[in-house]
DNA sequence: CAACGACGTGGGAGCGCTCCCATCCGGGAC
DNA sequence: GTCCCGGATGGGAGCGCTCCCACGTCGTTG
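Residue numbers (the working numbering), protein chains in the order written: chain A, 1 to 340; chain B, 1001 to 1340.
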């Protein structure tokens, strides 16, 4: 209730009130150990009395660090995965950053022009590091950012071997688990609707599918593989193609829930019952899976946890104290419902 | 390709290169008209040659404006509306801000403690203004922020009469449109599953439902009104209750798609066919609506447009040049599908 | 008992920009 | 020719902080 007369208080004013020097207050604020207990309390009281809050701009200017990190999401993908994927990711990142008292700058990139503008930001020293979601197979951005000297962590990777630090989910394991489950239910003609194969995530899930077949002693059959594009319509088309080519299939592993929904519609059109005639498994465990009829068995990714891990890794890179490895592959989990 | 030797270039260096003073370069950068054409070009060339990008922190410190705005989303709601609602909103906000070259700081608030921390940020002068999504009926935050002297714009409102600038969708119109459609299809016993009535949005949709009945000359019946909580489970419970109380109902207006999905499940359990026995309408036009069986008729809100409008309003408030009114109610639109 | 670290502290020197005032220049009015 | 005015320009004075060096003031060592 005091000392509020002229704008926000500054370090200087706190120092005067506590009867110490500017440097000392700064030390207390930043938790330096080189301050006596007595002084510390005196300063803390002055801070409380004046309601002092450090000016972020001044801090950033003097200390050349912003306490903010950027999360970049390509707009096209945000639309594609309309699912809560990105929200979950954001939630995880946000939670971890909040604990570290860092700001989250969200950047939706929707055009090449905006991507360039974003590189400008980086150059303007607005953030201490960058989180990249959903990187394309040939995206040069991660490397560009590193050239600028900024720490980066990606969600997913561009290829099996990825030089830039990343957090991915075990997409191969996801495919294997799905196939194993279907095999366990007695299915022997298991088809798959893949994502676009220029994305590593799609290739990995397909690889898992193949590995699953091999482990079950089933021989691969390219007629049972059809490429979708992670959209519902794409799933529908791919499913029609599969039914056409291999009418005897008795199960389908769709590389995403949305495609599974499309496949389900195509199955209905074709008069196939789920799960009686054809069992169905998706990936993502999105709300859509729960609401489908019948509810969809799906492989869950720990999306929020990926977000948290990314943020944690980035903070360590920024602190130049990477304690964890620079690559993380988090486990997936099969959620069994009535679709198989 | 030049002058890259010592960190990023500063204003001073650009000035030296262009053979002018610091002030002049600043004027050019900021588009001041008081610069001769000739000087302007010379400076522009120096900027390009050195790859100069203004340091944001220095700008903020000297100019006391940050070119960043905060978007605050209560975590609980983000979970509730798991739908793409917030992503769409973010998309709109982001698009508008990108055009104005402003940064978007996303803040997910998940506890009272974090809310207080957020107020600290504001005091730390990190942002020029605040966008508030999904405000509770009795949320004091909007007023608190205004007390701090920061411009605010909310998404939705706390009550019919709302002092703080806001952008809302026409929820009353949504209810009326839904009912009118059902009446047009020959339904006469139209029930509704509402949202939690301590939220204005829920009350408004209920109000629209009632207005719709009145306009059709149907008499209201409280046995046809049941409160949900915007969750699937809540929708299911409310629907069961309605079937119990009014077995003769022939249509339901659910105040959200998610609740409609719950209601649909309850109808299935009860052996009622949709739309033959009971017609169903939701609100949001979310992906869930499209994927339901049968696909759900739903009232679409212009979410992304709301985001854009909010951002535009806020920018005007910041510039102290509000050209638009401080309240916006955007129209909704009925998307007809097979559920009625 | 002098010399010497170690610790706690004060405050100068910037960080890179914006704001603003003083200065300069040229052309028109008298 | 002199005076005046307005537009263009240079650069000082901060903005509020961090960094770091210098300065006591002790307790300890030889």
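Beta carbons: idealized from backbone N, C-alpha and C, even for Gly.
- Task: Please classify residue 1168 of chain B: is it buried, with 16 or more other beta-carbons within 10 angstroms of its beta-carbon, or exposed?
- Result: buried
- Which partner residues of residue 1152 of chain B appear in the DSSP bridge assignment? B:1130
- Item | CA nearest to the CA of residue 319 of chain A, picked from A:67, A:241 and A:106 | The residue from A:67, A:241 and A:106 with its alpha-carbon nearest to that of residue 319 of chain A is A:67.
- Message: If you measure between the beta carbons of residue 89 of chain A and residue 282 of chain A, is that distance less than 9 Å?
- Response: no
- Give the range of the alpha helix (DSSP H) segment to which residue 1205 of chain B is assigned. 1200 to 1215
- Item | Partners in chain A for residue 1310 of chain B, counting only beta-carbon separations shorter than 8 Å | Per Cβ cutoff of 8 Å: no residues; residue 1310 of chain B is ~15 Å from chain A at best.
- Query: Is the distance from the Cβ of residue 1334 of chain B to the Cβ of residue 1178 of chain B below 9 Å?
  - Reply: yes
- Message: Going by beta-carbon coordinates alone, are residue 1195 of chain B and residue 1261 of chain B separated by less than 9 Å?
- Response: no
- Sorted by chain position, which residues of the same chain lie with C-beta nearer than 6 Å to residue 1207 of chain B's C-beta, five sequence neighbours on each side aside? 1172
- Item | Contact with chain B by residue 55 of chain A, beta-carbon distance below 9 Å | yes
- Task: Can you pull the chain B residues whose beta carbon is under 7 Å from the beta carbon of residue 288 of chain A, in chain order?
- Result: 1287, 1288 and 1291
- Task: Could I get the ranges of all uninterrupted alpha helix (DSSP H) runs contained in the stretch 1027 to 1063 of chain B, with 4 residues as the minimum, in chain order?
- Result: 1037 to 1050 and 1056 to 1063
- Query: How many whole angstroms separate the CB atoms of residue 986 of chain B and residue 1129 of chain B, which I take to be in contact at a CB cut-off of 8 Å?
  - Reply: In this structure chain B extends from 1001 to 1340, so residue 986 of chain B is not present and cannot be described.
- Examine chain B for any beta-carbon lying closer than 9 Å to the beta-carbon of residue 228 of chain A, and answer yes or no. By the rule that beta-carbons nearer than 9 Å mark a contact, residue 228 of chain A does not touch chain B.
- For the alpha helix (DSSP H) holding residue 1009 of chain B, just list the boundary residues, first then last. Note, residue 1009 of chain B: premise wrong, no alpha helix (DSSP H); not H, not E.
- Message: Could you compute how far the alpha carbon of residue 1046 of chain B sits from the alpha carbon of residue 1035 of chain B?
- Response: Going from the Cα of residue 1046 of chain B to the Cα of residue 1035 of chain B covers about 15 Å.
- Which of the three DSSP states, helix, strand or coil, is assigned to residue 136 of chain A? coil
- Task: Could you name the residues that DSSP lists as bridge partners for residue 327 of chain A?
- Result: A:166
- Between residue 234 of chain A and residue 1077 of chain B, what straight-line distance do the alpha-carbon atoms span, to the nearest angstrom? 31 Å
- Excluding sequence positions up to five away, which residues of its chain have a Cβ less than 6 Å from the Cβ of residue 258 of chain A? 232
- Message: Measuring straight from C-alpha to C-alpha, what distance separates residue 57 of chain A and residue 1013 of chain B?
- Response: 22 Å
- Message: Taking 8 Å as the cut-off, does the stretch 156 to 170 of chain A touch the stretch 295 to 313 of chain A (at least 3 CB pairs, one atom from each stretch)?
- Response: yes
- Item | Minimum Cβ-Cβ distance from residue 1210 of chain B to chain A less than 9 Å | no
- Query: Near residue 1339 of chain B, what residues of its chain come up, given a Cβ to Cβ distance below 6 Å and the 5 sequence neighbours on each side ignored?
  - Reply: Result list for residue 1339 of chain B: 1274, 1275, 1280, 1294, 1296 and 1297, in chain order.
- Task: Spell out whether any CB of chain A is found under 9 Å from the CB atom of residue 1096 of chain B.
- Result: By this cut-off, residue 1096 of chain B is not an interface position.
- Touch test, the stretch 182 to 195 of chain A against the stretch 245 to 253 of chain A, Cβ-Cβ under 8 Å, three pairs minimum: A contact exists between the stretch 182 to 195 of chain A and the stretch 245 to 253 of chain A.
- Name the chain B residues that come within less than 8 Å of residue 383 of chain A, Cβ to Cβ? Any answer about residue 383 of chain A is impossible in this case: the structure gives chain A only from 1 up to 340.
- Query: Which value, in whole angstroms, describes the spacing of the CA atoms of residue 272 of chain A and residue 1093 of chain B?
  - Reply: 44 Å
- Item | Residue range of the beta strand (DSSP E) that includes residue 300 of chain A | 297 to 300
- Between the Cα of residue 163 of chain A and those of A:327, A:332 and A:331, spot the shortest distance and give me the residue it belongs to. Relative to residue 163 of chain A, the option among A:327, A:332 and A:331 whose CA is nearest is A:327.
- Query: In terms of residues, what are the limits of the beta strand (DSSP E) holding residue 333 of chain A?
  - Reply: Counting along the chain, the beta strand (DSSP E) containing residue 333 of chain A begins and ends at 333 to 335.
- Query: Of all Cβ atoms in chain A, is any one closer than 9 Å to the Cβ of residue 1066 of chain B?
  - Reply: yes
- Just how far apart, CA to CA, sit residue 205 of chain A and residue 331 of chain A? Roughly 13 Å separates the two Cα atoms.
- Message: For residue 945 of chain B, count the other beta carbons within 10 Å of its own beta carbon; 16 or more makes it buried, fewer makes it exposed. Which is it?
- Response: Here chain B covers residues 1001 to 1340 and nothing more, so residue 945 of chain B does not appear.
- Query: In the DSSP assignment, what residue or residues form a beta bridge with residue 373 of chain A?
  - Reply: Outside the shown range of chain A, which is 1 to 340, sits residue 373 of chain A, and nothing can be said about it.
- Query: Mind pulling the chain A residues with CB within less than 7 Å of residue 1060 of chain B?
  - Reply: 57
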